[in-house]
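Quick notes on the structure that follows.
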Amino acid sequence: MSISLYTAEQEERLFIWREARAWARSGLITDEQMGGINARTDPGLNRTNVFFRILFFLFTGSCVQAMIGFCAFVIQIRGEIAIAWSALAFGAAMVGLAEYLVRRKSLYRYGIEEALALSGMALACTGIVIFIFQLHMELRPLITTAAMLAAACFFWLYLRFGFLYAAVISVACACVVPFQLSLPPAGERTIVAMVLAIIFLTSIRAEGSETRDFRKERSALLQACLLAGIYLAVNLRLPELGRAHFGNPAPFDQPHAGFPPLFYWTTYGLTFLVPALGLYLGLKRRKRIVINISLIAALLTLATNKDYLGFEHYAWDPAVLGVVMVVAAIIIMRWLANGSQGVSNGFTAQNLLKSEDHGINPADLGAALLPGAIQANLPPSSPEKPFAGGQSGGGGASSGY
Amino acid sequence: MHLKKRYSVHQELRAAIYIGVLLITAGLGLTIRQYFAQLGDIAIVGSLTAGALAAFLYCFVKGKPWSDGEFESPNILFDYVLLFGCKLYAADIGYIETQFSLLGDSWHDYLLVSAALFFFLAYRFDNRLVLSMALSTLAAWFGFQLSARFVSFHHYYRESAIAYSLVTFAMGCLSHRFAVKKHFFDIYLNFTVHFLLVALLSGVFEYLFASWHLPAMAAAIAAVAVYSMRTRRFLYMLYAILYGYACLSAVVLEFTHGAAAMYIYGIVSSLAVIGLIFVLSRRFKEGA
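Listed in order, the protein sequences are those of chains Y and B. Okay, so the first sequence: first residue is 0 according to numbering that gives the first Met the number 0, each after it adds one. Okay, so the second sequence: first residue is 0 according to numbering that gives the first Met the number 0, each after it adds one.
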């Protein structure tokens, strides 16, 4: 039995429409063919583009906040019980309104119903937690209860509305629970990693050849998030990554990062194993997001390798890592190019599907910030130099007049 | 059937090379910063110059002939070799200037020369990344930097930002008008819109009705919104609405006193914006 507000048929049609749009953008199908697909895949839902969705989300959220503030101001809500009841009532009303908009107005990822459902659920959870607080519970059991409640509520939101970020919030809340059980740090991380791994494996096992494509796409996103969670739980050296590469280069004083040696070296092995398994799975099942998360995890493993082994960092370490990445990419490109028509084992380096062009992309923005970053890394002008004192940047974005 | 289709790893390879190039440059920068005394000026300047020249030489040898329109790079690596060369050049020239201060008070002319070189390379090899670098280097020549002083947006920066936005807009229009790399127009326009609207918004915050900033802001937002509707580029509508709302809030909240009035403004304005976007959304759908 599905508790989703959208039917599987509607989701499937939307999936086909999205795929077809990418094909049309890349010139793989004609406008007439796209028109035909449009006519046959109309899901009967009201959708909007990503920018309007962002605006709807922001301004609905802003409106909700102002309404709550206004009501609290006018009614003069005082006392914890009154606040709890109000939060619960507002939350329920907002989730109800979101449901109404989906059922009656057929909104689908429109921003309005998302803002209402998310803020409504957060308010309802807050109301319940304030009620529980009245039972004079200690802090840790209170946080545990709140985290479990939030995990359950947001998971329900995911099932009902299909918001993937609600599932991610749910998993993140669930991950808080082990940290409140007064366990040793190794135990906390073990439980988090194991729970996430069990959900991950269950999700993989649940997929069959007859699973619909839109479900596969959705589960791939969830699996990628779970994989990222597992990796974050097992890599003990991740919190000090920035300090190691761009701050103090000396090895960390605390042996084994304060964890038992067996646990420490097990996680060291896992930092290699998790990305490798993710990559294998992603490539085998053609799940792009899982492949990308695994590659990021592999990069982080290389970046934290020296910290794990207790070696000293050098200034040129990022450059060595960069060279490794570029060389690896070149080797893969060569291997793919050697295949028949540039295809090896079904993989190709050719650009088959064009991504949507919004005029500017994150890479362009990153390039725009580069001159400033280069300038920040230049050595200070040395006082013994005859013309010291000048400051600028080649392509630099520094120094005032 | 689904699993047997061709699977492109093009974007992944591009991302790996891009991040790799960023890491190489970061590593080089850190190495120079930490060891410049031991390495010596000649070794640093020599290696950076040689690296930049080698990268540019590769691009001129491997690059496709000039074309007014958009063209594909000869290979995935090509765009990033050019970007790498530009970054080495920027580090090189920055190092020379920081250590020797050859131009003295005219140091900022380096920025103009660098920007000109980046513009040339961006157009010659049809590279959007280098064009972004060129535009930010030009912004540096206009006096902008990534610092708290820029964020505080003094009077001087406001006028400078408006001048910069007009220059970039003119350059983008010329490029578009003469059909030379027309697809670069959006990059120019993004720089123009942000510099202009941030500058005008800071003027509205400071003077409210007592200056030309408010009507200029209204006109600029209207122009951005009209452009968005005509070209169906919704990103610009996002800019127009967010900047417009910030401007309206700055003016209204100045004359609004008391919590209740502020809440009412929040409710009414948010609902009005939602209504506006809804109407626009329907209109775009009808026009599709």
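Yeah, the Cβ is synthetic: ideal placement off N, Cα and C, and Gly gets one too.
ALA209/B lies in the alpha helix (DSSP H); which residues open and close that run?
Counted from its first residue, the second sequence places residue 209/B at position 210. Neither: ALA209/B is in no alpha helix (DSSP H) and is coded neither H nor E.
Taking only three categories from DSSP, how would you classify TYR94/B?
Within the second sequence, residue 94/B is the residue found at index 95, counting from 1. Helix.
What is the rounded straight-line gap between the Cα of MET93/Y and the Cα of ALA173/Y?
One-based indexing of the first sequence puts residue 93/Y at position 94. One-based indexing of the first sequence puts residue 173/Y at position 174. Using only the alpha carbons, I get a separation of about 24 Å.
Which residue's Cα is closest to the Cα of SER66/B: ALA258/B, PHE177/B, ARG231/B, ALA215/B?
Residue mapping note: residue 66/B aligns to position 67 of the second sequence, counting from 1. Selected option, being the one with the closest Cα: PHE177/B.
LEU195/B and MET216/B - do their beta-carbons sit closer together than 7 Å?
Taking the first residue of the second sequence as position 1, residue 216/B is located at position 217. Taking the first residue of the second sequence as position 1, residue 195/B is located at position 196. For MET216/B and LEU195/B, no; Cβs fall outside 7 Å.
Could you check if ILE240/B belongs to the surroundings of the ligand GDP, using beta carbon to heavy atom distance under 6 Å?
Only the bare structure without any ligand can be found here, which leaves the ligand GDP out of the picture.
Comparing C-alpha positions only, which one of ALA259/B, PHE77/B, LEU237/B, ALA89/B sits nearest to VAL44/B?
Residue 44/B sits at position 45 when you count from the first residue of the second sequence. Looking at the Cα atoms, ALA89/B is the closest of the given residues.
Check distances from the C-beta atoms of the stretch 314-326 of chain Y to those of chain B and list, in chain order, the residues that come in under 8 Å.
ALA314, TRP315, ASP316, PRO317, ALA318, VAL319, LEU320, GLY321, VAL322, VAL323, MET324, VAL325
Taking GLY68/B as the reference, give the member of LEU29/B, THR191/B, PHE183/B with the closest Cα.
One-based indexing of the second sequence puts residue 68/B at position 69. Comparing Cα positions, the closest option is PHE183/B.
When burial is assigned at 16 or more other CB atoms within 10 Å of the CB, is HIS256/B buried or exposed?
The sequence position of residue 256/B within the second sequence is 257, counting from 1. Per the 10 Å Cβ criterion, exposed.
If I'm right that LEU47/B touches LEU87/B with Cβ under 8 Å, what's the distance once you round it to whole angstroms?
The residue labelled residue 47/B in the question sits at position 48 within the second sequence. The residue labelled residue 87/B in the question sits at position 88 within the second sequence. With a Cβ gap of about 5 Å, LEU47/B and LEU87/B count as contacting.
Are the CB atoms of LEU188/B and GLY202/B within a distance shorter than 7 Å?
By one-based count along the second sequence, residue 202/B stands at place 203. By one-based count along the second sequence, residue 188/B stands at place 189. For GLY202/B and LEU188/B, no; Cβs fall outside 7 Å.
Positions along the stretch 284-298 of chain Y whose CB lies within less than 9 Å of some CB in chain B
ARG284, ARG285, ARG287, ILE290, ASN291, LEU294, LEU298
The alpha helix (DSSP H) with PRO42/Y in it runs from where to where?
Position 43 of the first sequence holds residue 42/Y. Neither: PRO42/Y is in no alpha helix (DSSP H) and is coded neither H nor E.
How is the alpha helix (DSSP H) around THR47/Y delimited, first residue to last?
Here residue 47/Y refers to the residue found at position 48 when the first sequence is read from its first residue. Counting along the chain, THR47/Y falls outside any alpha helix (DSSP H), and DSSP gives it neither H nor E.
Is it buried or exposed, LYS286/Y, if we count other Cβ atoms within 10 angstroms and call 16 or more buried?
Counting from 1 along the first sequence, the entry for residue 286/Y is found at position 287. LYS286/Y comes out buried.
Does DSSP put GLN390/Y in a helix, a strand or coil?
Within the first sequence, the letter at position 391 stands for residue 390/Y. Only weak support exists for where GLN390/Y lies, its pLDDT of 39 falling under 50; the value from the coordinates is given anyway. Correct three-state label for GLN390/Y: coil.
Residue(s) in a DSSP beta bridge with THR347/Y:
By 1-based counting over the first sequence, the position of residue 347/Y is 348. VAL342/Y, SER7/B, per the DSSP bridge assignment.
Would you grab the beta carbon distance between GLU112/Y and VAL101/Y for me? Rounded to a whole angstrom, and I think it's under 8 Å.
In the first sequence, the residue the question calls residue 112/Y occupies position 113. In the first sequence, the residue the question calls residue 101/Y occupies position 102. That pair is a contact at about 6 Å.
Who are the Cβ neighbours of ASP30/Y in its own chain at under 8 Å, not counting the five residues just before and after it?
Position 31 of the first sequence holds residue 30/Y. Taken in chain order, the residues that qualify are ALA23.
For chain D, find out if any of its Cβ atoms is closer than 7 Å to the Cβ of ASN304/Y; answer yes or no.
Reference to chain D is not applicable here, since the protein chains of this structure are Y and B.
From HIS312/Y to LEU27/B, what does the alpha carbon distance come to, in whole angstroms?
The sequence position of residue 312/Y within the first sequence is 313, counting from 1. The sequence position of residue 27/B within the second sequence is 28, counting from 1. Computed Cα separation, rounded: 14 Å.
Option in PRO64/B, ALA139/B, LEU12/B with minimal Cα separation from GLY93/B:
On the second sequence, position 94 is the one that residue 93/B refers to. It is ALA139/B whose Cα lies nearest to the Cα of GLY93/B.
Based on Cα-Cα distance, which residue from TYR279/Y, LEU276/Y, GLY268/Y, GLN340/Y lies nearest to TYR307/Y?
Counted from its first residue, the first sequence places residue 307/Y at position 308. Closest by alpha carbon: GLY268/Y.
Test: ILE41/B CB closer than 7 Å to a CB of chain Y:
Numbered from 1 along the second sequence, position 42 holds the residue referred to as residue 41/B. Judged by the 7 Å Cβ criterion, ILE41/B is not in contact with chain Y.
Between ILE75/B and ALA348/Y, which are expected to be in contact by the criterion C-beta below 8 Å, what is the C-beta distance as a whole number of angstroms?
On the second sequence, residue 75/B is found 76 positions in, with the first residue counted as 1. On the first sequence, residue 348/Y is found 349 positions in, with the first residue counted as 1. Indeed, because the Cβ distance is near 7 Å, the residues count as touching under 8 Å.
Could you give the DSSP three-state label for LEU352/Y: helix, strand or coil?
On the first sequence, position 353 is the one that residue 352/Y refers to. LEU352/Y: coil per DSSP, three-state reduction.
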